[in-house]
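Note that the working numbering has the sequence shown beginning at 1477, numbered continuously upward.
What follows is a short report on a single structure.
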Amino acid sequence: MARQFFVGGNFKMNGTIKSIQDIIRNLNDAKLDPKTEVVIAPPALYLLTAREALRQGIEVAAQNVFDKPNGAFTGEISAEQLKDSGVTWTLTGHSERRVILAEGDEFIARKTKAALDGGLGVILCVGETLEQREDNKTIEVVTRQLKAVAEQTKDWSKVVVAYEPVWAIGTGKVASTEQAQEVHAEIRKWLSSTISKEASENTRVIYGGSVSEKNCRDLAQQADIDGFLVGGASLKPAFVDIINAKA
Ligand code: PEP
C-alpha cells in the first residue's frame, strides 16, 4: 500500500483569532490535492475554534500533550481532553520543546505513548543540531530519539515521524534533497530492524525545516520523503502550494 502524502502546519506560538480564521478560510477555499492528508497545529487556545471552522478532511493537531489522563497538572492538556475536543493528532518531541523546555527522550516517549493510547495520531519530531551533524552523529542522535519511543510502544501505525534537523528549523537553511533523503532512508531502515518490516513500509517519514513553496517539489520527489512538517510557511497562503507539492 502506498504511503499517503502528509503535510502538517505547525503554527507554534503565532496567530490571533482573526489571523487563524483567515488561514483557515484560505485552506477551506483552496483546491487541495485530495491525495494529501492535511493537519494543522494552532496554539492550544485556538484548537476548538480551528476545529469548528475547518472543513471536513483537514484535521487538527495539538502542539503538545501531557503523559497523564487527568489530575493536578496545572497548565497541561491530556490526550483524552484533546480527543474530546475533536483534536485527532498531536506533535511530540519538537526541538523547541526539547531545547527550550528541556524535554528529554524518555518524557517525550511517555507523552507519545499516552497520546497513542488515548487514540491520537502522533507527529513525532526527531533531528540533530548543527554540532551533532558536524560530528557525524546525525543517525546516532535520531535513532536514540526513536529508540526511546520504541521502548514504550511497538505499535507505530498511528505515528508519523518528522525528521527536522534543528539547524534547518526557522533558519531558511533547508536540508538538501540528498541530506534529507539519506536520513529518511536510515529512519526507514531503523524501523525495519527495530519495529517491523510492515512499520518500515507503512510509516510516513516527513521532512521539516524551512520548507517553502520553492523547495517543496524537489523534496517531495525523494523516495523516502512522505510529506512535510511546515512552520513559518504554514502561516502564509503558500502553505497551499506545499500541500499540493505532489499534485
Ligand atoms: C517546525 O517548526 O516544525 C518547522 C519546520 O519550522 P520552519 O518550517 O519554520 O523551519
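Just so it is clear, CB atoms sit at the ideal spot from N, CA and C, and this is done for glycine as well.
Predicted, not measured: the structure shown is a model, and the values here were computed from it.
The alpha helix (DSSP H) enclosing residue i, as first and last residue numbers
i, result
"E1572", "1571-1576"
"W1666", "1653-1670"
"Q1497", "1493-1505"
"V1650", "Per DSSP, V1650 belongs to no alpha helix (DSSP H) and is neither H nor E."
Cβ-heavy atom distance, residue i to ligand 1, below 7 Å
i, result
"V1687", "yes"
"L1577", "no"
"H1570", "yes"
"I1645", "yes"
"V1515", "no"
"A1709", "yes"
"L1695", "no"
"G1533", "no"
"V1483", "no"
Selection from the options that minimises the alpha carbon distance to residue i
i, options, result
"S1710", "A1478, D1498, Q1480", "D1498"
"K1589", "L1606, R1609, I1576, T1568", "T1568"
"S1554", "G1595, Q1698, E1582, A1529", "G1595"
"D1593", "K1511, E1552, F1715, T1564", "T1564"
"T1653", "L1622, E1677, N1691", "N1691"
"K1559", "L1524, A1714, A1585, E1579", "L1524"
"A1724", "T1647, F1583, P1641", "This structure gives no information on residue 1724, because the portion of the chain shown stretches from 1477 to 1723."
Residue interval of the beta strand (DSSP E) (run including residue i)
i, result
"E1535", "1534-1538"
"N1678", "Careful: N1678 lies outside any beta strand (DSSP E), inside the alpha helix (DSSP H) at 1673-1678."
"W1565", "1565-1568"
"V1681", "1681-1684"
DSSP beta-bridge partners of residue i
i, result
"L1600", "T1568, V1637"
"V1514", "V1483, I1534"
"F1704", "V1483, Y1683"
C-beta contact flag for residue i and residue j at 8 Å
i, j, result
"A1506", "A1538", "no"
"V1636", "G1684", "no"
"I1682", "L1705", "yes"
"V1483", "I1671", "no"
"V1650", "V1618", "no"
"V1541", "A1526", "no"
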